[in-house]
Every structure is written in C-alpha cells, then in structure tokens.
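Colleague: First the structure, then my questions, so here it is.
In the numbering used here, the protein residues as written are 77 to 390.
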C-alpha cells in the first residue's frame, strides 16, 4: 500500500486525506512502486475540502496494458513499449485525470486534469471493457533463391491450335495440322514447351492408280523465350507417318522446328494464339506413279496455326 499525497507546493489548507494505492501483479508491471509513487507526488490533484480521495488500484491486464481503478471509475491504459519512469508517469497522469473527473461530476464538460505541456506523449486509451490481447500471425517467410541457382518452373499454360502446312515443292501437298503444346515457364522469360501434333491429308484420286492419303503423329521438344506477347521457340521433332492409297508405306521422319507465335488476352486466363512454324526435315519419302506423277513429304515446310491458350493458375 502507498499513500497519495498532495503536491508539496500546495498550501496546507488544500491538503486532503491520503488515499490508498494498491498494485496488483506488481512484479509483472512495467514500473515499480517507487517509480509510481514519485510520479504521483508531482501530479496528484486535491479532492477538495472535506472530501477524501477514493481508493486507487492498478491492475495488470496483459503485457503493456494496465487497468487504473479510482473509486467507481475504471480506465484501461495501453503503455505499449514504455517501462520504468516513463510508464509510471503515464499511469500517474491517468490517476490524476480520474480524480479530477470525480470532482466535476454533473458538469457539462470535464475540466482538464493536467496542465498543458505536462504530457510527454499521447496516452492511447481503450474502452472500459478489457480487450483480449491481440493475436498477431507471423508473416510468411519468403526465401529468395541463391545467386546462380537454377530457376524453378513457375508458370504453366496449355495451347491447342489448328492450321495448315505445305512443303515448298510441287509434289508436296497441303495438309491439315492439329497441335497441343504445354508451356512450362522457368524464371521470367524462358520456356520449355513439349508438344504433340497430328498431320493429315484426306484421300486424293480415290479408286485410281495414283490414289494417296497421308497421316502422321509428331512429338516435339521445343524451348525458347518470351518477349511480351511474342514467343520464340525451337527444337527437334520426331514424326511417325503412314501413306495410304495405291502405294502404302509407313516410317519415321526427323528434323527441327522453329516457331514464332503471338498471344492476345481474351480474359484473365484465356488467350488467342497465332503462330508460324518452319519445319526442316533430315529425311523424306517420295511415291512415284506411272505417268510421272508423284507424292512427297517436304524437305522444308511451313505452317500457320490459330488457336487458344489457357494459363494455368499458379
């Protein structure tokens, strides 16, 4: 227990009976009894003649928060990081304010409890009800890759396109194409694009000696970069084909492919894709008929694609 005393500079006629001060959980408060007593000696207000000062208690609510009870009045004070003398001064100011407010019950406005310039910093005051200590979730830890470490694949997209392809020679016919590409992004620019394709030519010259059709499946492994809406890719391909008609034949073709395509957004995930493909074959096959006509797979062929790309959510 401590005694609240009038400040030394007051006249003897202003002195009031001392009030008892209790500290609950004193060991856990951010200030000591002595520090609070010294702060109160300079700040306590007189309760007026003939009126005793009420019992005063300071309770610890949570770390950095205390409740000040003066008579039937309670105020919760957030001390934050304050400790020692600084924290004791804030609590003393609140006690003085509650004492002053008690003297002016029934008036339209509360008289200021502390003269201007006495408060070192604003005192954050919560409502009378004691709030639960705030719960702070730890921020997620973001770890940057070490310099020189390989980039992780961070973006996926799937594109389905269709179009037409033709070789440069007169014996190389126009064929239809259907392609499905999976783009796997590495870092901000580079892409690995595995791709499958279907190439087909319907039957020509049906029921004749030069009847011919063509069907092939293609597997590609492309890689390249992205510059804005433009993708530039290149890589090898492997093709399994079948020539049907009067002269049937099947086999494999290999070569390399260069792709340039442009994407335009249609929605948050969907894009329109247009592309050009240039195929160079290492080997080829040619079919000859009586009369000099022939069918041949291209040595160099070009294709035009149009389709849609879906950006997979990451």
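Ideal Cβ positions, reconstructed from N, Cα and C, are used throughout, including at glycine.
Got a sec, what are the start and stop residues for the beta strand (DSSP E) residue 158 sits in?
Modeller: The residue given as residue 158 occupies position 82 in the chain shown. No beta strand (DSSP E) holds residue 158; DSSP gives it neither H nor E.
Colleague: Using beta-carbon positions only, say whether residue 178 and residue 147 come within less than 8 Å of one another.
Modeller: Walking along the chain shown from the start, residue 178 turns up at place 102. Walking along the chain shown from the start, residue 147 turns up at place 71. Cβ atoms of residue 178 and residue 147: closer than 8 Å.
Colleague: Starting from the Cα of residue 116, find the closest Cα among 386, 231, 168 and give me that residue.
Modeller: The residue you call residue 116 lines up with position 40 of the chain shown. Minimum Cα distance to residue 116 is reached at 168.
Colleague: Across the region 295-306 and the region 368-378, are there enough close Cβ pairs to call them in contact, namely three or more that are closer than 8 Å?
Modeller: Segments in contact, no.
Colleague: Is the beta carbon of residue 251 closer than 8 Å to that of residue 259?
Modeller: Counting from 1 along the chain shown, the entry for residue 259 is found at position 183. Counting from 1 along the chain shown, the entry for residue 251 is found at position 175. The answer is no: Cβ separation not under 8 Å.
Colleague: Note down, in chain order, each residue of its chain lying with its Cβ closer than 8 Å to the Cβ of residue 238, except the 5 sequence neighbours on either side.
Modeller: On the chain shown, position 162 is the one that residue 238 refers to. Contacts found: 252, 253, 254, 255, 381, 382, 383.
Colleague: Report yes if the C-beta distance between residue 174 and residue 149 is below 8 Å; otherwise report no.
Modeller: Position 98 of the chain shown, counted from the start, is the residue given in the question as residue 174. Position 73 of the chain shown, counted from the start, is the residue given in the question as residue 149. Cβ atoms of residue 174 and residue 149: closer than 8 Å.
Colleague: For residue 271, which residues does DSSP report across the bridge?
Modeller: For this step, residue 271 is matched to residue 195 along the chain shown. DSSP output for residue 271 lists 257, 296 as bridge partner(s).
Colleague: Can you check whether the CB of residue 333 is closer than 8 Å to the CB of residue 313?
Modeller: The count along the chain shown starts at 1 and reaches residue 313 at position 237. The count along the chain shown starts at 1 and reaches residue 333 at position 257. In contact: residue 313 and residue 333 (Cβ atoms closer than 8 Å).
Colleague: Helix, strand or coil for residue 113? Go by DSSP, reduced to three states.
Modeller: As a first step, residue 113 must be located in the chain shown, where it is residue number 37. In this structure, residue 113 counts as helix in the three-state DSSP scheme.
Colleague: At the level of alpha carbons, what is the spacing between residue 183 and residue 145?
Modeller: Indexing the chain shown from 1 puts residue 183 at position 107. Indexing the chain shown from 1 puts residue 145 at position 69. For residue 183, the predicted structure reports a pLDDT of 47, less than 50, and the residue's modelled location is therefore unreliable. The matter cannot be settled from this model.
Colleague: Where do the ends of the beta strand (DSSP E) carrying residue 314 lie?
Modeller: Residue 314 sits at position 238 when you count from the first residue of the chain shown. Residues 306-321.
Colleague: Give the secondary structure of residue 344 by DSSP, where H, G and I count as helix, E and B as strand, and everything else as coil.
Modeller: Here residue 344 refers to the residue found at position 268 of the chain shown. It is coil, neither helix nor strand.
Colleague: When the Cβ atoms of the region 313-331 are set against those of the region 344-352, are three or more pairs found closer than 8 Å?
Modeller: They do not touch, by the three-pair rule.
Colleague: If you draw a straight line from the C-alpha of residue 358 to the C-alpha of residue 377, how long is it?
Modeller: Counting from 1 along the chain shown, the entry for residue 358 is found at position 282. Counting from 1 along the chain shown, the entry for residue 377 is found at position 301. So the two alpha carbons sit approximately 12 Å from each other.
Colleague: Assuming residue 379 and residue 241 make a contact with CB atoms under 8 Å, what is their CB distance in whole Å?
Modeller: As a position in the chain shown, residue 379 is number 303, starting the count at 1. As a position in the chain shown, residue 241 is number 165, starting the count at 1. Indeed, because the Cβ distance is near 4 Å, the residues count as touching under 8 Å.
Colleague: For residue 155 versus residue 142, is the C-beta distance shorter than 8 Å?
Modeller: As a position in the chain shown, residue 155 is number 79, starting the count at 1. As a position in the chain shown, residue 142 is number 66, starting the count at 1. Against a cut-off of 8 Å, the Cβ pair of residue 142 and residue 155 comes out as a contact.
Colleague: On the criterion of 16 or more Cβ atoms from any shown chain inside 10 Å, does residue 288 qualify as buried, or is it exposed?
Modeller: Counting from one through the chain shown, the residue named residue 288 turns up at place 212. Classification for residue 288: buried.
Colleague: Tell me which residues share the same chain as residue 161 and place their Cβ nearer than 6 Å to its Cβ, disregarding the 5 neighbours each side in the sequence.
Modeller: To locate residue 161, count along the chain shown from 1; it is residue 85. Excluding sequence neighbours, residue 161 sits near 111.
Colleague: From this set, 265, 284, 292, which residue's C-alpha is nearest residue 273's C-alpha?
Modeller: Locating residue 273 in the chain shown gives position 197, counting from the first residue. Minimum Cα distance to residue 273 is reached at 292.
Colleague: What is the C-beta distance between residue 335 and residue 306, in whole angstroms, given that I count them as a contact (C-beta under 8 Å)?
Modeller: Mapped onto the chain shown, residue 335 falls at position 259. Mapped onto the chain shown, residue 306 falls at position 230. The Cβ separation is near 11 Å, so there is no contact.
Colleague: Run through DSSP, which three-state label would residue 280 get?
Modeller: By one-based count along the chain shown, residue 280 stands at place 204. Residue 280: strand per DSSP, three-state reduction.
Colleague: State the CB to CB distance for the pair residue 166 and residue 158, rounded to an integer number of angstroms; the pair is presumed to be in contact (CB under 8 Å).
Modeller: As a working mapping, residue 166 is identified with position 90 in the chain shown. As a working mapping, residue 158 is identified with position 82 in the chain shown. About 6 Å; that satisfies the 8 Å criterion.
Colleague: Strictly by DSSP, which residues pair up with residue 371?
Modeller: For this step, residue 371 is matched to residue 295 along the chain shown. According to DSSP, which records beta bridges pairwise, residue 371 is partnered with 363.
Colleague: Taking residue 362 as the reference, which of 243, 235, 164 has the closest Cα?
Modeller: By 1-based counting over the chain shown, the position of residue 362 is 286. Selected option, being the one with the closest Cα: 243.
Colleague: For residue 386 and residue 247, I'd like the C-alpha separation in whole angstroms.
Modeller: Here residue 386 refers to the residue found at position 310 when the chain shown is read from its first residue. Here residue 247 refers to the residue found at position 171 when the chain shown is read from its first residue. Going from the Cα of residue 386 to the Cα of residue 247 covers about 37 Å.
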